[in-house]
Each structure stands twice: as C-alpha cells, then as structure tokens.
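As structure tokens, the structure follows; a few thoughts come after it.
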Amino acid sequence: MNSQDLNQPTLQYYILLFWKRRYLIFFSTFLTSLFVLIISFLLPPLYKSTSVILVEDKTEKLSLFMPPPSPSLRNEVFTQSELIKSRTLIEKAVRELKLADSYDPTKELTYKIKAVVYSLLGKKIPLITKEEIFQGIVKELQEIIAVNIIEGTNLISLTTFANDPKVAYQVNDVILREFMKLNLSFKESETEDMFLLIEKQLKMAKDKLSFHEGQLKNFKEISKITEPIEESRESIGTLSRLEEQYDQTTAERKSSELRLVEVRKEIIKQNKDLASSTLTSNRPEVLSLKEELVNLELKRTKLLSQIPQDEKEILMVENLIRDKKEELKGIVMNTIKEIIPSVTPYLPDMAINNYQNLVSLLINLETEINSLKAKEDALLKRINSHRERLSKLPAKYANLTQLQRDVDTQERIVSTLREKKEQALMAKTMKFAYVRVIDPPIISRLPAKPKKTLNAMVGLFGGFLFSIFIIVSQEYLKTFKSGLIPPA
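Each position in the sequence shown, counted from 1, maps to that position plus 162 in my numbering.
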C-alpha cells in the first residue's frame with residue numbers, strides 16, 4: 163500500500179465526522195424542511211376539476227342509402243380535443259362567469275413591483291383596460307387548462323385549475339356545456355337539412371310511382387299482354403340494377419354536398435380572413451391529386467363490379483387511394499402553414515390544428531363529390547347503352563318490361579326513402595351530438611397543489627444532502643490548505 167492510499171479518508175473517518183457534526187446536520191435539515199413547509203402553506207392553493215367526454219364515430223351519420231365516408235375516429239377525437247381548447251369556448255366561460263369583473267390586477271405582485279419601478283422613475287403606471295384584463299384571463303386559462311386524449315380510447319379528459327374550487331368547477335362546467343352546444347348545433351343543422359331533403363325526395367318518388375303504376379295498368383289493358391319475354395326481362399333486370407346504382411350514387415353526392423356546405427360554414431366561422439385565402443386557392447398539385455383520386459375511385463368501382471373480383475388488384479387500388487389522400491392532406495396542411503403568417507400571424511396552435519382538420523375534411527368531401535359525379539357519368543353511359551339494346555326488342559314486350567321495371571324500381575326507392583325518413587326524424591327528435599359526457603365535473607375539496615407532504619419530504623431530503631455537502635466541502639478545503647488528511 164503506497165502513501166497516497168494511506169492519506170485517503172476512510173468510511174470510518176466520514177462516519178465519525180458526520181457524528182461530530184450531527185447537530186449541524188439536524189438543524190440544517192430541520193430548517194430546510196421548515197422553510198419548504200412555510201412556503202407551501204403561504205402559496206395559494208390550486209384546485210382542479212376534471213370531466214371526461216366520449217367521442218362517438220361520425221359514420222353513424224344519416225345518408226339516403228348508405229353512410230358517406232368520414233375521417234377516422236382517431237382524427238375525430240383529436241379534432242374534438244382541439245375544439246374544447248378553442249378560444250371561443252374559453253371566452254364564453256370568462257364572460258358568463260364574469261371573471262374579468264371580479265379580477266383586480268392591483269393586488270398582483272407583478273403589478274406592485276411594476277408600480278414601485280414606475281414611481282422610482284417618476285412615472286405614472288399605465289392603467290389596464292377591461293379588454294386587456296379580459297384577454298389576459300383568457301390567455302391564462304388557455305395555458306393552464308389541460309385537455310388530454312386517454313391513450314387507447316376515444317375518451318377526452320378536460321381539467322381546469324383555479325385558486326377557488328368553485329371557480330375551477332364552474333369554468334369546467336361552462337366550457338363543457340358550450341362545447342356540447344357547439345356539437346349539437348352542428349348536428350341539428352345537418353339532421354334538419356337531411357330530413358328536408360329526404361322528405362322532398364320521398365314526395366317526388368311517390369308521385370313517380372303513381373305515374374308509373376298508371377302507365378303499366380293502361381298498357382296491360384290496351385295490349386292484353388301481362389308478362390314480358392325472358393330476353394327483355396334479363397336486359398331490363400341489368401338496366402334496373404344500373405339505374406338503382408345511379409340513384410344511390412346521386413343521393414350520396416347530394417348528401418356529401420350538404421356536408422360540404424356545413425363544413426364551409428364552419429371554416430368561415432373559425433376565421434373569415436383565413437377562409438377567404440384558403441378556400442379560393444387552387445394549387446396545381448391539389449387539382450392534380452383530386453383528378454388522380456377520381457380516376458382511382460372509378461377504377462375501384464369498375465373492379466368491384468367485375469365477376470369474379472380481382473382482390474389483389476382491388477387492394478392495390480385502395481392502397482393507392484389511401485396514399486394519395488395522405489399526400490393531399492400533407493399539401494393542404496403545408497399550404498395553410500404558408501398562408502397563416504401573412505393573414506393571421508397570431509393564430510394559436512390549437513386553432514391552426516382545428517382549422518387544418520376542417521380544411522382537410524373539405525378537400526376530402528370535394529374529392530368525394532367529384533368521384534361520385536364521374537361515377538354518375540359512367541353509369542349513365544352504361545344505362546343508355548342498355549336502353550339502346552332494349553329498343554331493338556319487340557316493341558310490345560320491351561315496353562311492358564320497361565314499365566314493370568319502372569314500377570319495381572320506384573317501389574324500392576319509396577321503401578328506402580321511407581326508412582331513411584324515419585331515421586332522420588328520430589335523429590332530429592332525439593337531438594343527440596357526436597359527444598357525450600361520461601364523468602361530469604365536481605367541486606374538489608382538496609387542493610391539487612401545493613402538495614405539502616411531498617414538499618416536506620423533498621425539503622427533508624434536500625436539507626440532509628445539503629448539510630452533508632457543506633461538511634464534506636469544508637473538510638476538503640481544510641485538507642487542501644494543510645496538505646494533510648486528519649487521521650481517522
């Protein structure tokens with residue numbers, strides 16, 4: 163063992179050293195814990211109130227024949243979470259609870275410090291307007307309100323904080339109530355428009371059915387023919403299926419057009435200046451991708467109608483459609499980011515995200531409508547082709563088959579529209595939204611912060627470590643000056 167090892171302090175040396183300084187360790191630990199506890203008791207308590215919201219899938223929306231495609235539930239949950247944090251809802255909460263009226267900025271420490279500085283400079287501190295107080299409270303609430311998506315679920319938690327437990331509860335309750343109203347108004351508008359559209363189409367379908375039934379009855383009485391021949395029956399059957407597909411496609415397009423109108427209204431409501439810049443922009447790459455998606459949708463429709471179906475080819479086309487939609491969404495997001503700095507440079511991030519999702523939905527609907535229009539044109543060409551073929555059959559049998567087919571088709575349409583009208587009426591009467599409150603907010607009796615017990619433990623441990631650090635530092639300084647290590 164060399165001399166350097168002999169000069170190194172041992173564990174026994176440190177144990178004896180700490181024992182000698184035990185009073186210093188005790189008092190420093192005690193004083194630190196006491197200081198932390200005093201600070202914890204002096205700090206104003208912060209209370210929280212939490213509520214939980216369930217987001218339902220929008221694919222349950224009504225359509226005339228089948229539900230139109232909608233964004234994935236995951237995107238819908240994210241969109242709703244951003245809506246909860248929107249400035250509009252928070253401003254409504256501040257106004258309803260009159261938080262700006264009860265707030266006195268002169269009691270704040272920062273205001274008092276500023277007043278002292280201004281008085282030393284011989285200046286008068288500027289007055290704070292009511293609007294500045296209002297905007298300050300809104301900004302503070304935006305920063306402290308926590309909205310989180312519960313992982314692996316379609317649940318959203320909303321947590322509000324305040325120095326008064328009642329205020330924390332009231333803010334949460336108002337934001338939740340206004341958020342539900344916003345969703346309900348959007349849903350009511352859609353269901354009302356959908357109900358009126360179905361009612362109008364049902365009346366037209368009934369009138370058509372009566373007309374076709376009268377024509378069929380008159381033709382049978384005049385021609386004395388009651389059954390069509392097999393050849394005409396088969397051709398008419400194909401034509402009937404095509405016309406039914408055409409009617410369904412037309413109904414889907416009209417349904418999507420209604421949704422498009424609502425989305426445009428919502429976009430303009432979010433930000434009028436930004437909407438005027440975004441909705442009128444037609445970038446070449448966006449138009450090109452829209453056209454590609456239309457062609458792919460037509461190809462997919464054609465593949466699905468083939469017998470037997472080429473599943474590998476269908477899957478490839480569906481993957482291409484998905485990729486093109488993602489590419490289109492990326493371009494839209496980047497376009498909005500480029501436009502925002504010049505139009506609304508102070509738009510909050512949460513508002514930007516919500517706006518981007520709405521514009522993305524708008525682009526999807528526009529693309530869907532274009533695809534449906536192209537599908538209508540393709541079906542119409544096939545319908546005209548079959549009608550031309552039928553015109554070459556014996557006139558009497560062809561006419562009888564055509565009239566019978568018109569009646570059958572119209573009966574199916576009337577039956578379908580009646581069912582959809584009942585669904586629309588039920589949705590209109592029930593007045594349900596896309597979101598439901600699972601856990602309403604409550605008034606908390608215990609503050610969320612400061613955590614006095616935890617702070618005391620941290621102070622205790624911190625004080626102990628600090629005293630050990632001081633003792634060890636003193637010993638090393640003493641050793642450094644003397645050049646020797648005291649014996650153990």
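Glycine included, each C-beta is placed from N, C-alpha and C at the ideal position.
The C-alpha of L524 lies about 6 Å from the C-alpha of L422. In the structure shown, the three-state DSSP call for L608 is coil. The beta carbon of E480 sits closer than 7 Å to the beta carbons of R462 from its chain, once the five residues preceding and following it are set aside; these are given in chain order. With fewer than 16 other beta carbons inside 10 angstroms of its own, S264 counts as exposed. By the 16-neighbour rule on beta-carbons within 10 angstroms, K292 is exposed.
Counting C-beta atoms within 10 angstroms of its own C-beta, I360 has 16 or more neighbours from the protein chains shown and is therefore classed as buried. With contacts defined by Cβ atoms closer than 8 Å, T241 and N519 form a contacting pair. For the 8 Å CB-CB criterion, S450 and L534 do not form a contact.
Closest in C-alpha terms to I531, from the list Y638, Q566 and N457, comes N457. Residue pairing from DSSP places N310 in a beta bridge opposite S319.
In the structure shown, the three-state DSSP call for D326 is coil. With contacts defined by Cβ atoms closer than 8 Å, E405 and T571 form a contacting pair. Rounded to the nearest angstrom, the Cβ distance from I483 to L465 is 12 Å, too far for a contact under 8 Å. A residue is called buried when at least 16 other Cβ atoms come within 10 angstroms of its Cβ; Y280 does not meet this threshold and is exposed. Per the DSSP secondary-structure output, T212 pairs in a beta bridge with T321. For D355, the secondary structure class from DSSP, reduced to helix, strand or coil, is helix. Counting other Cβ atoms within 10 Å of its Cβ, N546 stays below 16 and is therefore classed as exposed.
With a 10 Å radius around the Cβ and a threshold of 16 neighbouring Cβ atoms, S385 comes out exposed. Take the alpha-carbon of L608 and the one of Y331: they are about 13 Å apart. For R598, there is no enclosing alpha helix (DSSP H); the enclosing beta strand (DSSP E) has its first and last residue at V597 to D601.
The criterion of a C-beta distance shorter than 8 Å is satisfied by L320 and T212. In this structure K210 is not in contact with V309, their Cβ atoms being roughly 13 Å apart against a cut-off of 8 Å. Straight-line spacing of the CA atoms in P288 and M342 works out to 40 Å.
R549 has its alpha-carbon roughly 21 Å from the corresponding atom of A367. Within the same chain, L186, I187, S190 and T191 come within 7 Å of S629 by CB-CB distance, once the 5 residues on both sides are set aside. Non-local beta-carbon contacts of L541 in its own chain, meaning distances under 7 Å to residues more than five positions away in sequence, involve L404, Q407, Y408 and T411 in chain order. Residue range R249 to L259 is occupied by the alpha helix (DSSP H) that includes T250. In the DSSP assignment, the residues bridged to V217 are V597.
Going by DSSP, L173 is part of the alpha helix (DSSP H) stretching over L173 to K182. Spatial neighbours of L378 in its own chain (CB-CB distance under 7 Å, excluding positions within 5 residues in sequence) are listed in chain order as L565, Q566 and V569.
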